[in-house]
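Residue numbers (this note's numbering), protein chains in the order written: chain A, 2 to 173; chain B, 2 to 173.
Even glycine gets a Cβ: it sits at the ideal position worked out from N, Cα and C.
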DNA sequence: CGCATTCACTTAACATGTTAAGTATCTCGC
DNA sequence: GCGAGATACTTAACATGTTAAGTGAATGCG
C-alpha cells in the first residue's frame, strides 16, 4: 500500500515536536483540500480531453444558465478573483467560446455571454461530467452527499462574519 | 451593501439555460472550495503578518513534528506536488527556516529538517493559529466539526479507487 | 562489468491565485 | 459642469498548481 512511514529500523522515533500543535494532517483546511482534490481528480481528465481547465469549465457553466452577466457578477458566481477571471475571459474569447460587449448604459461594464461554439462544447462535455457526478453520488451515497453539503454550507455561514484579522467582534 | 444583483427592471428573466446541468453553484466541488476558502480566510492575515504563505506554513508544520524527511515524503505529508515543494523549499532554505542535506546512503535523496529559526517562527505563529482554530471550532461546534471531518474522510475513501479517466470499472 | 530502467528530485512552461496599481468611466457635491 | 472619489475592469508582479522534460544517482539484468 506504499504505506511505509515510520521506518521502525533506523532508530529515529517520533522525535522533535518542539512546537505544540495539532497534527496538521487532520486540520480542517487539509481535510477540505484533500476531499476536494479527490473529487476534482475525477473530473479533470474529461475536461482536459476537451481542452478545458476546471476554472474555464466553471465559467462556461455559469454562463450557460443566463443570458449575459457583468464580469464582477460572474466572478462572484464562478468564485474566481477578478484578475484570474479577466485573463481567462481573454483566452475564452480568443477561442470564441464566449462573447463580450460593453453595456450601453455604463461603458465601464462589459456583458459576457456564452457563444454558440461554447454551447456546443458544453453539450459535448456535460454528459461525461454528469456521469462522473452520478458515480460519485452513488459511491458516497446521495443522502450523505446532501448532508455533507449541508454541513459545508453551515460552516460557511458560521464564518461569514469573521472577515479580516483586526475584527474584534466588538458587540458580540 | 453593494448587493444589487438581479436588476428587476430590465426584463431579462432566467433566460438561456441551453445546456441541461445541475446548478453548478451547488456542486460538491464548489461547496468544498467555498468552505475551504471561508476557513483559510481566517488564517491568512496572521500568516501574512509573519511573511508566510499557507503552503509554507504547511511545510513548517509538517517538519516540526519530525527529525527529518525526504522531499517526496514531505510532499505527501504537506499535500503539495513535487515541483511546488521544490520551489518553496528553495525559498525557505534561503530564509534559513529549513535545512537540507543529502542522505549518505542514497545520494539522490535529500533530508529536510526545520531550523532553529524555523522553530522560533513557528512558536510565534502557533498561538494565534490555535486561537483561530479554536474560534472556528466554537462557532461551528466541536461535535459537528468532527462529524464533518469524518464525512470528508469517507468521501476521500469512496473515491480512492477511481484514478484516471480511462478506468471503466470493468468488473463492477 | 555495461547499460537500460527506475528513482528522487529539479527545471521549465504555462495557467491560476493573490495583492497592488493602473485605466477608463461614472456619480455626486458644490 | 468640474473635480474628487467611487466603480468596473485590466495589468503587473510574484507565488503556487500542474504537466512534461531534464539530471544525476541507484538497480537490475545479461
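When the distance is taken between beta carbons, is residue 66(B) closer than 9 Å to residue 92(A)?
-> Against the first chain, residue 92(A) aligns to sequence position 91. Against the second chain, residue 66(B) aligns to sequence position 65. The answer is no: Cβ separation not under 9 Å.
Answer with yes or no whether the minimum CB distance from residue 85(B) to chain A is below 9 Å.
-> Here residue 85(B) corresponds to residue number 84 of the second chain, with the count starting at 1. At a cut-off of 9 Å between beta-carbon atoms, residue 85(B) makes no contact with chain A.
How long is the line joining the alpha carbons of residue 134(B) and residue 59(A), rounded to whole angstroms?
-> Position 133 of the second chain holds residue 134(B). Position 58 of the first chain holds residue 59(A). C-alpha separation (whole angstroms): 30 Å.
Buried versus exposed call for residue 78(A) [16 or more other C-beta atoms within 10 Å across all chains shown] = In the first chain, counting from the first residue as 1, residue 78(A) sits at position 77. Buried: at least 16 other Cβ atoms inside 10 Å.
Using 8 Å as the threshold, is the segment 141 to 151 of chain B in touch with the segment 82 to 92 of chain B, meaning 3 or more CB pairs across them?
-> No: the two stretches stay apart, fewer than three of their Cβ pairs being nearer than 8 Å.
Residue 117(B) versus residue 136(B): straight-line alpha-carbon distance, rounded | Here the question's residue 117(B) lines up with position 116 in the second chain. Here the question's residue 136(B) lines up with position 135 in the second chain. Between the alpha carbons of residue 117(B) and residue 136(B) lies a gap of roughly 29 Å.
Starting from the beta carbon of residue 78(B), find every residue of chain A whose beta carbon is closer than 8 Å, and list them in chain order.
-> Counting from 1 along the second chain, the entry for residue 78(B) is found at position 77. Taking a Cβ-Cβ cut-off of 8 Å, the neighbours of residue 78(B) in chain A comprise 26, given in sequence order.
Span separating the alpha-carbon of residue 32(B) from that of residue 154(A) | For the purposes of this step, residue 32(B) is taken as the residue at position 31 of the second chain. For the purposes of this step, residue 154(A) is taken as the residue at position 153 of the first chain. If you take the alpha carbons of residue 32(B) and residue 154(A), they lie about 7 Å apart.
Within 10 angstroms of the Cβ of residue 82(A), are there 16 or more other Cβ atoms? Answer buried if so, exposed if not.
-> Here the question's residue 82(A) lines up with position 81 in the first chain. That one is exposed.
Shorter than 9 Å from the beta carbon of residue 116(A) to some beta carbon of chain B?
-> As a working note, residue 116(A) is residue 115 in the first chain. Not an interface residue.
Measuring CA to CA, which of 162(A), 122(A), 157(A) is closest to residue 48(A)?
-> As a working note, residue 48(A) is residue 47 in the first chain. Ranking the options by Cα distance to residue 48(A), first place goes to 122(A).
Residue 145(B) CB to nearest chain A CB: under 9 Å?
-> Within the second chain, the letter at position 144 stands for residue 145(B). True, the Cβ-Cβ gap to chain A drops below 9 Å.
Residue 31(A) (DSSP reduced to helix, strand or coil) = The count along the first chain starts at 1 and reaches residue 31(A) at position 30. Three-state result, residue 31(A): helix.
Does DSSP put residue 103(A) in a helix, a strand or coil?
-> Working through the first chain from its first residue, we reach residue 103(A) at position 102. Residue 103(A) falls in the strand class under three-state DSSP.
DSSP state of residue 116(A) mapped onto helix, strand, coil | Residue numbering aside, residue 116(A) sits at position 115 when the first chain is read from its first letter. If DSSP states are grouped into helix, strand and coil, residue 116(A) belongs with coil.
For residue 43(B), which residues of its own chain have a beta-carbon under 8 Å away from its beta-carbon, when the five flanking residues on both sides are left out?
-> Here residue 43(B) refers to the residue found at position 42 when the second chain is read from its first residue. For residue 43(B), the CB contacts under 8 Å within the same chain, skipping 5 residues up- and downstream, are 133, 136, 137 in chain order.
Three-state secondary structure (DSSP) of residue 68(A) | Translated into the one-based positions of the first chain, residue 68(A) becomes position 67. The answer is coil: DSSP assigns residue 68(A) none of H, G, I, E or B.
List the residues of chain B that residue 150(A) touches, going by C-beta distances under 8 Å, in chain order.
-> Here residue 150(A) refers to the residue found at position 149 of the first chain. 27, 29, 32, listed in chain order.
Within 9 Å, strictly: CB atoms of residue 156(B) and residue 98(B) = Counting from 1 along the second chain, the entry for residue 156(B) is found at position 155. Counting from 1 along the second chain, the entry for residue 98(B) is found at position 97. The answer is no: Cβ separation not under 9 Å.
Beta-carbon gap between residue 37(B) and residue 75(A) smaller than 9 Å = Start at 1 with the first residue of the second chain, and residue 37(B) comes out as number 36. Start at 1 with the first residue of the first chain, and residue 75(A) comes out as number 74. Annotated as distal: residue 37(B) and residue 75(A), with beta-carbon spacing of 9 Å or more.
CB-CB length for residue 30(B) against residue 113(A), believed under 8 Å | As a first step, residue 30(B) is located in the second chain; it is residue number 29 there, counting from the start. As a first step, residue 113(A) is located in the first chain; it is residue number 112 there, counting from the start. Actually they are not in contact, since the Cβ atoms of residue 30(B) and residue 113(A) sit about 22 Å apart, beyond 8 Å.
Closest Cβ-Cβ distance between residue 160(B) and chain A: below 9 Å?
-> Stepping through the second chain from its first residue, residue 160(B) is reached at position 159. Interface residue, yes.
Same chain, Cβ closer than 8 Å to residue 128(B), five either side skipped, listed in chain order | Stepping through the second chain from its first residue, residue 128(B) is reached at position 127. Within the same chain, residue 128(B) has no close Cβ partners at all.
Does the Cβ-Cβ distance between residue 104(A) and residue 71(A) come in under 9 Å?
-> The residue labelled residue 104(A) in the question sits at position 103 within the first chain. The residue labelled residue 71(A) in the question sits at position 70 within the first chain. Pairing residue 104(A) with residue 71(A) gives a Cβ-Cβ distance under 9 Å.
Give the straight-line distance between the Cα atoms of residue 139(B) and residue 52(B), rounded to the nearest whole angstrom.
-> Within the second chain, numbered from 1, the residue matching residue 139(B) stands at position 138. Within the second chain, numbered from 1, the residue matching residue 52(B) stands at position 51. Spanning the two alpha carbons is a distance of roughly 27 Å.
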